[in-house]
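One gets this note's numbering by counting positions in the sequence shown from 1 and adding 8 to each. We treat Cβ as the ideally placed atom computed from N, Cα and C, and that holds for glycine. Below is one structure, written out as structure tokens, with a few remarks after it.
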Amino acid sequence: MSPLAERQTARSLVRIGKRVILKAEVDVTPAGLLGIAGLVGGILLSTTVLVVATIRASQGR
């Protein structure tokens with residue numbers, strides 16, 4: 009099997025008090041993780057550009 013096709017699984021369980029239980033499970037491949045990282049990086053870079061543009065506009069430049 010290709011190293012980029014091997015699936016990785018993560019599970020999480022969070023309890024808040026006695027009544028609230030949150031469960032999550034994710035199953036991705038390394039190639040999928042690279043795709044997710046690219047999307048998150050793009051979002052962070054675009055947010056930075058928006059913040060800088062807003063600051064410059066508020067300063068009247």
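May I ask you to report which of helix, strand or coil DSSP gives Leu12? Numbered from its first residue, the sequence shown carries residue 12 at position 4. Note: Leu12 maps to coil in three-state DSSP.
Alpha carbon to alpha carbon, how far is Leu30 from Arg16? Give it in angstroms, no decimals. For the purposes of this step, residue 16 is identified with residue 8 of the sequence shown, where counting begins at 1. For the purposes of this step, residue 30 is identified with residue 22 of the sequence shown, where counting begins at 1. The question names Arg, but residue 16 is Gln in the sequence shown. Those two C-alpha atoms are separated by around 21 Å.
For Val34, which residues does DSSP report across the bridge? Sequence index remark: in the sequence shown, residue 34 carries index 26 (1-based). Within the DSSP secondary-structure output, Val34 pairs in a beta bridge with Ala18.
If I measure Cβ to Cβ from Pro38 and keep anything under 6 Å in the same chain, skipping five residues before and after, which residues do I get? Residue mapping note: residue 38 aligns to position 30 of the sequence shown, counting from 1. Cβ neighbours of Pro38 beyond the five flanking positions: Leu12.
Within 9 Å, strictly: CB atoms of Val36 and Ile44: The sequence position of residue 36 within the sequence shown is 28, counting from 1. The sequence position of residue 44 within the sequence shown is 36, counting from 1. Cβ distance < 9 Å, so Val36 and Ile44 count as in contact.
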